[in-house]
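Numbering (the numbering used here), first residue to last: 705 to 880.
Glycine is no exception: its CB is placed at the ideal position from the N, C-alpha and C atoms.
Reviewing the structure listed below.
This is how it looks when you write it as structure tokens:
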């Protein structure tokens, strides 16, 4: 089966993302997104194998913010804020999605991050979170497939988080 890159698919709506979380988009045993509530974006507006800050590809995605999102109820009572770790996880999710979109086999797993800076927050009155991922390196050696990327998070157009050297690998299925 041709990869979604080879089939020239460059955006995904919520139904596509939910299909990915069920293992239907890239096939059994390959990259999956988490299911809601841990799926941290509503759509991928653009994904490319070239371009971006380093010329090696990029992903742009969005999350609609509403006051009833689950994390606002518990983080923190009376002071609702989206946990910064969820924004970081969204960036890892997008790097793993990029690897699966290119046709890489295996399950995506976060492997690390070099540096994270938080200089703002997502509050319950915000409208839109935008994620931008710029691939710095894609390593494909034997069974090793790994993406290294930088990411930025924006809330209503304001840059609030930066992550450098996000690392995600595709773990091949175990042989029986």
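- Per DSSP, the continuous alpha helix (DSSP H) segment holding residue 777 begins and ends at 774 to 778.
- By the neighbour-count criterion, in which a residue is buried when 16 or more other Cβ atoms sit within 10 angstroms of its Cβ, residue 816 is exposed.
- Between residue 801 and residue 735 a beta carbon distance of about 6 Å is seen, short of the 8 Å cut, so the two are scored as contacting.
- Taking 8 Å as the cut-off, the Cβ atoms of residue 769 and residue 823 do not count as close.
- No residue range can be given for residue 746, since it is assigned to no alpha helix (DSSP H) and is classified by DSSP as neither H nor E.
- Cβ contact annotation for residue 756 (same chain, cutoff 7 Å, sequence separation greater than five): 762, 838, 839, in chain order.
- Annotation for residue 857: the continuous beta strand (DSSP E) segment containing it runs 848 to 859.
- Rounded to the nearest angstrom, the gap between the Cα atoms of residue 766 and residue 787 is 16 Å.
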